[in-house]
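Worksheet: one structure, shown below.
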Amino acid sequence: MSKPSTLSLPVIDLISWIDRSNHTEEERTQASKGLHEACLRYGFFYLRLDGFATDSEMQELADLGRTFFHLEQSKKDEIRLANEDGARGYQRLKENVTMGKADNHEGIDFYKPVANPDKTKPLWGTNQWTSHIPGFREKFEDWIDKMQALAECWPRMAMGLGMTQTEWEDLRSKVDDSFWVMRIIGYPPLPSTHDGFSCGAHRDYGCLTFLYADPTPSALQVFLGPDTDVAQSAIDASLALPPEQGDTEGVWINADPLPGAVVCNIGEMWETWTAGLYRSTLHRVIHRSSNYRVSVPFFFEPNFDAVVKPLEAALRIHNVTRSSSSKPLAGRFPPIIYGEFLKSKVGANFTEDSQPRERY
Ligand SMILES: O=C(O)CCC(=O)C(=O)O
Ligand SMILES: [Fe+2]
1 MSKPSTLSLP VIDLISWIDR SNHTEEERTQ ASKGLHEACL RYGFFYLRLD
51 GFATDSEMQE LADLGRTFFH LEQSKKDEIR LANEDGARGY QRLKENVTMG
101 KADNHEGIDF YKPVANPDKT KPLWGTNQWT SHIPGFREKF EDWIDKMQAL
151 AECWPRMAMG LGMTQTEWED LRSKVDDSFW VMRIIGYPPL PSTHDGFSCG
201 AHRDYGCLTF LYADPTPSAL QVFLGPDTDV AQSAIDASLA LPPEQGDTEG
251 VWINADPLPG AVVCNIGEMW ETWTAGLYRS TLHRVIHRSS NYRVSVPFFF
301 EPNFDAVVKP LEAALRIHNV TRSSSSKPLA GRFPPIIYGE FLKSKVGANF
351 TEDSQPRERY
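Residues in the sequence shown are numbered from 1 upward in steps of one, following the UniProt record's numbering.
Shown next as structure tokens:
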């Protein structure tokens, strides 16, 4: 495996939006510009959370996750996926599959609770919480609230798209009942004999991911292709993607944890809303250190019944910059009903002995 490049991702500071009364409009405009640029050029960046979440609060989540994964197997299996709708609950090591290869991690998945749960319907069951760790549920529910609040202020920051007030309100109505997902993931060291990764290369398919990971370095990697100008200097043909993922040349860079920040990345829904202006970037995890790594990604998603299609504001930008050779946008980004899209993803990524379910 080639060594990842030492390039690093941009850092976006949200404080002027979180603590509005102590910051100026000018500071908010600058933060928005930085965010827009980062979405255009990378689709992956750090979000500083000063004044919003502390390192010790985030580390506590990783510790709780680690305590769970270190329970005996039978206690973990008490909340296994198969008890529910096949999507909510615990999955064992290597139950997730990416590109046909077992991922060397275990995890617990939670989705937005639904009214009238029915576990016979895909994604419509009940979340499962361990009873073996005091405070586990409360701490993670607090985190879910925080991540939802963080996502609330986010689209407003994307001023760079030049949305009108009406367009902004329309977009907001698509995410005001977000069908969010949270995963708690446990990664033992990846054995050199394992045919696959800790988490294989993929794009997240919702709106926005906010990832807290424990301080383990050199685990999460992000792929920057040749159209990311920052990668131009570092392109190395030996780092091309495997043919099944397009054989694109580029670089894998480490996205090591930054204290006081989460990693944020764009999912396919934002790529659709912006008709490809914002990038949903490939990433993967290769965890070869000797410790047990824990990460907690929170996926902020559209409403289950939201229709997602390119935003007028994005099309206006395209119309200004589009070259005559580019493919018609409408064909490339047909409208999607988010919940249907989500269900269509369910199924490909589990081993045969577990209920099928998509890995984010
Ligand atoms: O554990 C990580 O660092 C990333 C996990 C991830 O990409 C995902 O669950 O979608
Ligand atoms: Fe991901």
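The C-beta atom is built at its ideal place from N, Cα and C for all residues, glycine as well.
For L40, the uninterrupted alpha helix (DSSP H) segment begins and ends at 25-41. Here the alpha carbons of L61 and R288 stand approximately 22 Å from one another. A contact between stretches requires three or more CB pairs, one per stretch, nearer than 8 Å, and the segment 206-225 meets this requirement with the segment 249-263. Remark: the C-beta of D256 is outside contact range of ligand 2, defined as less than 7 Å to any heavy atom. Looking at W154, Y338, C39, H70, the one whose alpha-carbon comes closest to that of H105 is H70. Across the structure, I317 and G200 are spaced so that their CA atoms are roughly 34 Å apart. At a Cβ-Cβ threshold of 8 Å, E301 and S198 do not count as neighbours. For ligand 2, a non-hydrogen atom lies closer than 7 Å to the CB of H283. Rounded to the nearest whole angstrom, the CA to CA distance from L40 to Q73 is 43 Å. Assignment of S16 by DSSP, reduced to helix, strand and coil, places it in the helix class. In the structure shown, N303 falls within a strand segment according to DSSP collapsed to helix, strand and coil. A contact between stretches requires three or more CB pairs, one per stretch, nearer than 8 Å, and the segment 180-197 meets this requirement with the segment 295-311. Secondary structure of E141 (DSSP, three-state): helix.
Remark: C-beta atoms of I79 and Q128 approach each other more closely than 8 Å. DSSP lists Q221 as the beta-bridge partner residues of N254.
With a cutoff of 7 Å, D204 counts as near ligand 2, since its C-beta is closer than that to a heavy atom of the ligand. Taking C-beta atoms as the reference points, K119 and D77 fail to come closer than 8 Å. Between Y212 and G267 the beta-carbon gap is near 17 Å, outside 8 Å, which marks them as no contact.
Counted as a single uninterrupted DSSP element, the alpha helix (DSSP H) harbouring H318 occupies residues 312-321.
At a Cβ-Cβ threshold of 8 Å, A255 and F44 count as neighbours.
Boundaries for T164: no alpha helix (DSSP H) harbours it, and the DSSP string shows neither H nor E there. Taking non-hydrogen atoms of ligand 1 into account, the C-beta of L211 is found less than 7 Å away from one of them. Beta-bridge analysis with DSSP links R183 to D109. A residue is called buried when at least 16 other Cβ atoms come within 10 angstroms of its Cβ; A151 meets this threshold and is buried. Secondary structure at G200: strand, using DSSP grouped into helix, strand and coil. Judged by DSSP in its simplified three-state form, N22 adopts helix. Sorting S21, L14, H23 by C-alpha distance to the C-alpha of K33 places L14 at the top. Look at A213 here: in three-state DSSP terms it is strand. The Cβ atoms of N22 and K174 lie no closer than 8 Å to each other.
The beta-carbon separation of V308 and Y338, rounded to 6 Å, stays under the 8 Å limit for a contact.
In the same chain as W273, and ignoring 5 residues on each side of it, the C-beta atoms closer than 6 Å to its own belong to L311, in chain order. In the structure shown, the three-state DSSP call for Y46 is strand. A residue is called buried once 16 or more other Cβ atoms fall within 10 Å of its Cβ, and N116, having fewer, is exposed.
Counting only the Cα atoms, P122 lies some 12 Å from L81. By the CB criterion at 8 Å, A38 and I18 fall outside the cutoff.
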